[in-house]
Amino acid sequence: MTNVTPGGMIAVKHEWPSEPTYWNGQQKGFYNLDTFLTINKAPTGKSYYFWAQQFWFDGGDGGYMGLQTGANLGGKEQKIAIFSIWKALDAKKGDGRDAFAGTFGGEGTGYSCKIAYDWQEGTEYRLRLWEIADARKPTEPEWWGAWVMNMKTKQETFIGQIQVPADWKWMTSSTNFFVEYYLSVSACDQTPYAKATLHAPTRENSTVHPTGAPTLETYGNCKSVAKVTLGSGNAAICETGK
Numbered sequence: 173m174t175n176v177t178p179g180g181m182i183a184v185k186h187e188w189p190s191e192p193t194y195w196n197g198q199q200k201g202f203y204n205l206d207t208f209l210t211i212n213k214a215p216t217g218k219s220y221y222f223w224a225q226q227f228w229f230d231g232g233d234g235g236y237m238g239l240q241t242g243a244n245l246g247g248k249e250q251k252i253a254i255f256s257i258w259k260a261l262d263a264k265k266g267d268g269r270d271a272f273a274g275t276f277g278g279e280g281t282g283y284s285c286k287i288a289y290d291w292q293e294g295t296e297y298r299l300r301l302w303e304i305a306d307a308r309k310p311t312e313p314e315w316w317g318a319w320v321m322n323m324k325t326k327q328e329t330f331i332g333q334i335q336v337p338a339d340w341k342w343m344t345s346s347t348n349f350f351v352e353y354y355l356s357v358s359a360c361d362q363t364p365y366a367k368a369t370l371h372a373p374t375r376e377n378s379t380v381h382p383t384g385a386p387t388l389e390t391y392g393n394c395k396s397v398a399k400v401t402l403g404s405g406n407a408a409i410c411e412t413g414k
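Numbered as in my numbering, the sequence shown ends at 414 without a single skipped number.
Next up, the structure:
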């Protein structure tokens, strides 16, 4: 029997207003992205899920931030929060247990920050990306930071910060949330069941919102066991596996 890697299974794409400009037109793009995520039903047993928000930089590459199961961190498999940017210059680790910052390879190269993060089923989390260098110095390399907040307790944890080249502007109006199962299973219907809700994201400290309902898509090797529907408040309800 040949195993299969489900890989990406669901994509949720939002449309945003045009990219703003700051500092008398010297800086273009968005300085903040907040993604709100609830894992309604966590997979049972061992699993290798990734729920992530992708973003891109004007004149540069892109990255992602999200929550994972089964990640290898600190010498053991555990739940984590992760933040990565392709073609970045440097990274500094965050404050969480088993915090890591370093390079990654495989599907492109860049820098990544990871922390052990024991996210809980049924709890909403905010994944925040924010420009943290001096915005008035657009010709210098710039640092971006990522945080994860438990929206019930309001406890926020710093995932880490990553530096990007000086000629990159801020974030574009493109975002893409995805659900991925990143290791192999014996067959698609052996992918463990999980359910997550992507609530409507915001930008610029909650002052900018998507222009309408998101575009929903199932795709990949195991799209037969993936389903995404639109819920109240333009939330995307993502179900994967059996």
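Cβ atoms here follow ideal geometry from the backbone N, Cα and C, with glycine treated the same way. For clarity, every value in this text was computed on a predicted model and none was experimentally measured.
Helix, strand or coil for residue i per DSSP?
{"i": "Gly405", "result": "helix"}
{"i": "Asp206", "result": "strand"}
{"i": "Cys360", "result": "helix"}
{"i": "Ser345", "result": "strand"}
{"i": "Ser396", "result": "helix"}
{"i": "Asp262", "result": "strand"}
{"i": "Gly384", "result": "coil"}
Output needed for residue i: all residues of its chain with C-beta closer than 6 Å, excluding positions within five of it in sequence on either side, in chain order.
{"i": "Ala338", "result": "Thr311, Glu312 and Pro313"}
{"i": "Trp302", "result": "Asn204 and Gly317"}
{"i": "Ile409", "result": "Thr369, Thr401 and Gly403"}
{"i": "Arg375", "result": "Phe202, Asn204 and Leu205"}
Give me the Cβ distance between residue i and residue j, rounded to the nearest whole Å; I'm assuming they're in contact under 8 Å.
{"i": "Trp340", "j": "Gly232", "result": "3 Å"}
{"i": "Ala407", "j": "His371", "result": "5 Å"}
Pick out whichever of the options has its Cα sitting closest to the Cα of residue i.
{"i": "Thr390", "options": "Lys324, Tyr283, Thr401 and Arg300", "result": "Thr401"}
{"i": "Tyr297", "options": "Ile287, Asp270 and Thr369", "result": "Thr369"}
{"i": "Phe349", "options": "Lys213, Val184, Thr174 and Pro178", "result": "Val184"}
{"i": "Ile254", "options": "Pro364, Ile331, Pro215 and Thr295", "result": "Ile331"}
{"i": "Leu205", "options": "Trp342, Glu279, Ser219 and Leu388", "result": "Trp342"}
{"i": "Ile304", "options": "Thr387, Lys264 and Tyr365", "result": "Lys264"}
{"i": "Lys286", "options": "Gly277, Glu293 and Asp267", "result": "Asp267"}
{"i": "Leu388", "options": "Val351, Ile257 and Thr344", "result": "Val351"}
{"i": "Ile257", "options": "Ile182, Leu245 and Gln226", "result": "Gln226"}
Under 8 Å Cβ to Cβ from residue i, same chain only, skipping five residues before and after it: list those, please.
{"i": "Met323", "result": "Phe208, Thr295, Glu296, Tyr297 and Arg298"}
Output needed for residue i: all residues of its chain with C-beta closer than 7 Å, excluding positions within five of it in sequence on either side, in chain order.
{"i": "Val397", "result": "Cys360, Asp361, Thr363, Thr412, Gly413 and Lys414"}
Who pairs with residue i in a beta bridge, going by DSSP?
{"i": "Met237", "result": "Gln225 and Phe255"}
{"i": "Gly317", "result": "Trp302 and Gln333"}
{"i": "Ala288", "result": "Ile252"}
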